[in-house]
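Let me begin by presenting the structure, written as structure tokens, before commenting on it.
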DNA sequence: TTTATTTTGACAAATAATGTCAAATATAGA
DNA sequence: TCTATATTTGACATTATTTGTCAAAATAAA
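Residue numbers (our numbering), protein chains in the order written: chain A, 1 to 101; chain B, 1001 to 1101.
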């Protein structure tokens, strides 16, 4: 249940790559990547997709980590956080049920 | 499981109030309120709180409708939407567990 | 009709997200 | 230690998104 930041930091350090290298692949300043890894900045969707390709891990796994981080970020200051997530889940189930047809 | 928009439209129409009146209470143009009710625009948190007071309904109920709408909006185009919501739920449970101490 | 209400879309202003850069700090090797 | 390299920090610029106004068009009600 790691954050996206933790995940990519582990991947990067596991391969002993400096921020500089990975950041240049993503076409951003290393400062941003540093902040993304420590969750001071959010990655963009594009960056997540690129990172999955770069590290050769399942794109969906990184997307789930990334999206769930964003969701947590959006609700965490709210008293009703958990309830809202549960209701959102129901709504999504309802919406995608129709889509399948 | 109504959207916030549906909810406040019902409340407003139940009281036979024109957009104009409620919008002026919120201090916004009626055009925006119209769009909020039809989910073309998101309400701000402030507006949700004001609406709960105005219609004398539970603030939490409106906040849950509002927040869950935002969450759905954030994930609905993603294949991994449901999974991300579930992971977010776990993360929130984990976070709030510590907070209680 | 004519009057009130709602909706639409073009546009403006405010806010938030995303990025660069350079300097400060931390880490590792000789 | 001294020096290289790597990382972090914060001020600032740029861009994108959000939030809003306004006036006209469409709809509904008297």
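Where is the CB? At the ideal position from N, CA and C, for every residue including glycine. Source: prediction; values computed, not measured.
Residue i: first and last residue of the uninterrupted alpha helix (DSSP H) it sits in
i, result
"residue 43 of chain A", "Careful: residue 43 of chain A lies outside any alpha helix (DSSP H) and carries neither H nor E."
"residue 92 of chain A", "81-99"
"residue 1022 of chain B", "1019-1026"
"residue 1072 of chain B", "1059-1075"
"residue 13 of chain A", "4-14"
"residue 992 of chain B", "An answer regarding residue 992 of chain B cannot be provided, because it is not within the stretch 1001 to 1101 covered by chain B."
Assigned exposure category for residue i - 16 Cβ within 10 Å defines buried
i, result
"residue 1040 of chain B", "exposed"
"residue 77 of chain A", "exposed"
"residue 1053 of chain B", "exposed"
"residue 12 of chain A", "buried"
"residue 103 of chain A", "Not covered by the structure: residue 103 of chain A. The range shown for chain A is 1 to 101."
"residue 1084 of chain B", "buried"
Candidates the options, of which the one nearest residue i by Cα
i, options, result
"residue 1090 of chain B", "A:78, A:96, A:8, A:71", "A:71"
"residue 1025 of chain B", "B:1050, B:1079, B:1085, B:1002", "B:1050"
"residue 34 of chain A", "A:45, A:56, A:52, A:7", "A:7"
"residue 1074 of chain B", "B:1020, B:1088, B:1055", "B:1088"
"residue 1065 of chain B", "B:1036, B:1031, B:1022, B:1084", "B:1036"
"residue 44 of chain A", "A:69, A:97, A:98", "A:69"
"residue 55 of chain A", "A:30, A:31, A:9, A:97", "A:9"
"residue 1001 of chain B", "B:1020, B:1046, B:1061, B:1021", "B:1061"
Contact belief for residue i with residue j at Cβ below 8 Å, rounded distance in angstroms
i, j, result
"residue 17 of chain A", "residue 1093 of chain B", "With a Cβ gap of about 34 Å, residue 17 of chain A and residue 1093 of chain B do not count as contacting."
"residue 131 of chain A", "residue 14 of chain A", "The shown model of chain A, from 1 to 101, leaves out residue 131 of chain A, and the question about it has no answer."
"residue 1080 of chain B", "residue 67 of chain A", "6 Å"
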